[in-house]
Amino acid sequence: MKVDGIKPDIVCYTMALKGVIVEGDFGKADEVFDESLGLGLVLDVYTYNVYIYGLYEQNSAEARIKMIGSMEE
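Just so we're aligned, residue -3 is where the sequence shown starts under my numbering, counting upward by one.
Below is the structure:
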């Protein structure tokens, strides 16, 4: 997601995440989420809400429970 040497912040990643979820591309949503974590960005409540909503839309109860558990750590 890096363009012209400019590293996006968490707001950019959250908007990208929301966009791919709205399009129904949940595989890409996982990639965007994992990439933001891999860069060491500190995720906020809004980002987690967007991602958990995507898991809800994907009808993945197991993944939602796992995500909520990882947030508690």
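We put the beta carbon where it would ideally sit given N, CA and C, even for glycine.
What you are looking at is a predicted structure, and each value in this text was computed from that prediction instead of being measured.
Residue i classed as buried or exposed, judged by whether at least 16 other C-beta atoms fall within 10 angstroms
{"i": "S75", "result": "Absent from the structure is residue 75, since the part of the chain shown begins at -3 and ends at 69."}
{"i": "K62", "result": "exposed"}
{"i": "G20", "result": "exposed"}
Residues of its chain near residue i, where Cβ-Cβ distance is below 8 angstroms and the 5 sequence neighbours each way are ignored
{"i": "Y42", "result": "T10"}
{"i": "V46", "result": "T10, L13, K14, I17"}
{"i": "Y49", "result": "I17"}
{"i": "V38", "result": "I6"}
Cβ-based neighbour list, residue i, same chain, cut-off 7 angstroms, excluding 5 preceding and 5 following
{"i": "D40", "result": "I6"}
Three-way DSSP call (helix, strand, coil) for residue i in this model
{"i": "V(-1)", "result": "strand"}
{"i": "E53", "result": "helix"}
{"i": "L13", "result": "helix"}
{"i": "V28", "result": "helix"}
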